[in-house]
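Chemist: Positions in the sequence shown are counted from 1; adding 939 to them yields the numbering used here.
Following this message is one structure expressed as structure tokens.
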Amino acid sequence: MSTTHHVHSLDHTVQTTNRWLAALAGAIGTEDREFAHRVLRTWLHAVRDGLPVPAAAHLAAQLPDLLRGIYYNGWDPTAVPIRRDREEFAAHFAATGRIANADVPKLARAVTAVMYEELTPGVVDHALGQLPREVRDLLGGQGLSGTRSQ
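Here is the structure:
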């Protein structure tokens, strides 16, 4: 006889992550959740690597547990922030996400829009405000008045 016991916090983070992936899949016009996951992971890692450690940790603290684990996977806090201009950021995003360069703006902006929907906009603005203006523009950051520009 098999008895399944659920851990509420784990069930909740799986449900939340699935909701985020469904929202992202809808925003990018696909039913492929694996692709949506790959794009989300790529955005999380690319943004994370451009942030100073305190800003990266602040953003991570707002993520659901499951996504926080994905966010921190492979992170080297001694090697950040990595400064990339728009072209370098887009090329890195395309290569690590295994997507076409031409699709980067649409996909990156879709993830940013989901972040604005799921997180407090101030949290997203704070993180994106740490990135160079041209990268923020690529990501579709909004409401960034008052943040420092680079």
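Here a beta-carbon is modelled for each residue, glycine too, at the ideal position from N, C-alpha and C.
1) Is N1040 helix, strand or coil by DSSP?
2) Would DSSP call E1026 helix, strand or coil?
3) Between which residues of its own chain and L1005 is the CB-CB distance below 7 Å, once the five residues before and five after are set aside?
4) Could you pull out every residue in the same chain whose Cβ sits closer than 8 Å to the Cβ of L960, ignoring the five residues on either side in sequence?
5) Which residues bound the alpha helix (DSSP H) around P1060?
6) In this structure, does DSSP put D1076 in helix, strand or coil?
Modeler: Inspection of the coordinates gives the following:
1) helix
2) helix
3) T952, V953, T956
4) R972, A975, H976, L979
5) In the DSSP assignment, P1060 falls within the unbroken alpha helix (DSSP H) covering 1060-1067.
6) helix
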